[in-house]
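If you count by full-length UniProt numbering, then the sequence shown holds residues 1 to 354, one letter each, in order.
Inspection log for the structure reproduced underneath, given as structure tokens.
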Amino acid sequence: MSNLNSSQVCDLYRNWQQLRGAQPRLRARDAAAHLSVSEAELVASRLAVDTVRLRPDWAQLLPALGDLGYVMALTRNEHCVHERKGFYREVTVSAGGQMGLVVSADIDLRLFLGGWNSVFAIAEQTDKGIQRSIQVFDHQGMAIHKVFLTDTSELAAWEPLVERFRAPQQSAELQLQARPEPLVVRPDSEIDQQGLRQGWSALKDTHHFFALLKKHGAARTQALRLAGNEWAESLDPSELTRALELAGERDIGIMVFVGNRHCIQIHSGPISKLRWMDTWFNVLDPEFNLHLKTPAITELWRVRKPSSDGVITSLEAFDAEGELVIQLFGARKPGIPELRTWRELVESLPAATH
Numbered sequence: 001m002s003n004l005n006s007s008q009v010c011d012l013y014r015n016w017q018q019l020r021g022a023q024p025r026l027r028a029r030d031a032a033a034h035l036s037v038s039e040a041e042l043v044a045s046r047l048a049v050d051t052v053r054l055r056p057d058w059a060q061l062l063p064a065l066g067d068l069g070y071v072m073a074l075t076r077n078e079h080c081v082h083e084r085k086g087f088y089r090e091v092t093v094s095a096g097g098q099m100g101l102v103v104s105a106d107i108d109l110r111l112f113l114g115g116w117n118s119v120f121a122i123a124e125q126t127d128k129g130i131q132r133s134i135q136v137f138d139h140q141g142m143a144i145h146k147v148f149l150t151d152t153s154e155l156a157a158w159e160p161l162v163e164r165f166r167a168p169q170q171s172a173e174l175q176l177q178a179r180p181e182p183l184v185v186r187p188d189s190e191i192d193q194q195g196l197r198q199g200w201s202a203l204k205d206t207h208h209f210f211a212l213l214k215k216h217g218a219a220r221t222q223a224l225r226l227a228g229n230e231w232a233e234s235l236d237p238s239e240l241t242r243a244l245e246l247a248g249e250r251d252i253g254i255m256v257f258v259g260n261r262h263c264i265q266i267h268s269g270p271i272s273k274l275r276w277m278d279t280w281f282n283v284l285d286p287e288f289n290l291h292l293k294t295p296a297i298t299e300l301w302r303v304r305k306p307s308s309d310g311v312i313t314s315l316e317a318f319d320a321e322g323e324l325v326i327q328l329f330g331a332r333k334p335g336i337p338e339l340r341t342w343r344e345l346v347e348s349l350p351a352a353t354h
């Protein structure tokens, strides 16, 4: 993957400003695609303008975000954006520095820090004033996670945080790497289907599901196909938004998981203000916003996993590449059985007729 020299960085910033002049509402991610660079390269071109590169000291930086008070955390993938307001508290980073957790009542994250590369503090002039954010990117220059200050954030904490973590070298050099080759999906005939089903039926914790896939060398959607109707059933993709609408109407607390390869963000609670905008389905609640590009969902599954708390029922939506776009569960804590109202809702959705 190419890395830009200083002349190219200047050209990129100039080209971006011209593009913004022509399309002022264009988001950074879309501008980067338009200019054939990564979003991280786009952000790095702003150094010494309105952006500071920070040290990627996750074990210190992540807990320090709590000093900013009430913020908006944003995590997205290609087809879905998850925004949750609240306080960045209860942060832990594993001893090896590869894993992190944020488990506050409102901001709830699973962090796979081995893939985190660069981080920037941005103070961007907008028509609504200065928008301040901390933005993290992976080794391919893709955005992993962003934290935005809100109108009620602790503004006085911003400059001290930026100065504390300011990188000694304010360099636009990112050492980007090519994206790893996708795993080759093995033919169904090479999967021990009986062993997979037995392992599935013996699950005690939904978190052990990934280990089960790894053990059998099965891709996720492949495992859902091979598990049998007892554990997984294909639904029409349109049932996903219908399920969200029903959960809203019935005031059912749900868990909404959205992530990318390096960060998963979770909202727990009811949803109420649901809106269609063209083909995007949106949740526009005060604390939680979701933006889902519905045509990108090509597979939807009703999934049942046994656990020590009883069967856990979820909806799992995938894109054409088999990438997980969004997962829905009933709101629950470990040690508590699944919400009956959630299970009834999911089980009422008709299976797809192929």
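Glycine included, each C-beta is placed from N, C-alpha and C at the ideal position.
This structure is a prediction, so every number in the text was calculated from the model and none was measured.
Task: Under the three-state DSSP convention, the category H207 falls into - done: helix
TODO: Note down, in chain order, each residue of its chain lying with its Cβ closer than 6 angstroms to the Cβ of S268, except the 5 sequence neighbours on either side.
DONE: M255, A331
- [ ] Have a look at N77 and N260 and give me their C-alpha separation to the nearest angstrom.
- [x] 5 angstroms
Task: Simplified DSSP assignment, three categories, for V346 - done: helix
Open item on the list: Just to confirm the assignment, what range does the beta strand (DSSP E) spanning D319 have?
Closed with: Element bounds for D319: n/a, residue is neither H nor E.
Open item on the list: Quick check on Q125: does DSSP put it in helix, strand or coil?
Closed with: strand
Open item on the list: My output table needs one value for W231: the three-state DSSP class, helix, strand or coil.
Closed with: coil
Open item on the list: Does the CB of I312 have a neighbour CB from chain D at under 9 angstroms?
Closed with: Included in the structure is just one protein chain, with no chain D present.
Open item on the list: Bridge partners for E299 per DSSP, in chain order?
Closed with: F318
- [ ] Mind listing, in chain order, the continuous beta strand (DSSP E) runs of no fewer than 3 residues lying wholly within the segment 55-126?
- [x] 69-76, 80-87, 91-93, 99-103, 108-112, 116-126
Task: Helix, strand or coil at G253 [DSSP, three-state] - done: coil
Open item on the list: Going by DSSP in three states, L290 sits in which element: helix, strand or coil?
Closed with: strand
Task: Beta carbon of D302 nearer than 9 angstroms to that of E233 - done: In the sequence under discussion, the amino acid at residue 302 is Arg, which differs from the Asp named in the question. Yes, the pair counts as a contact, with Cβ atoms nearer than the cut-off.
TODO: Spell out the partners DSSP gives A351 in its beta bridges.
DONE: L235
Task: DSSP three-state assignment for D50, whether helix, strand or coil - done: coil
- [ ] Would you list the residues sitting across from A172 in a DSSP beta bridge?
- [x] DSSP lists no partner for A172.
Task: T150, DSSP secondary structure in three states - done: strand
Task: Own chain, CB closer than 8 angstroms to L12, minus 5 neighbours either side, in chain order - done: L4, L35, V37, E41, L42, S45
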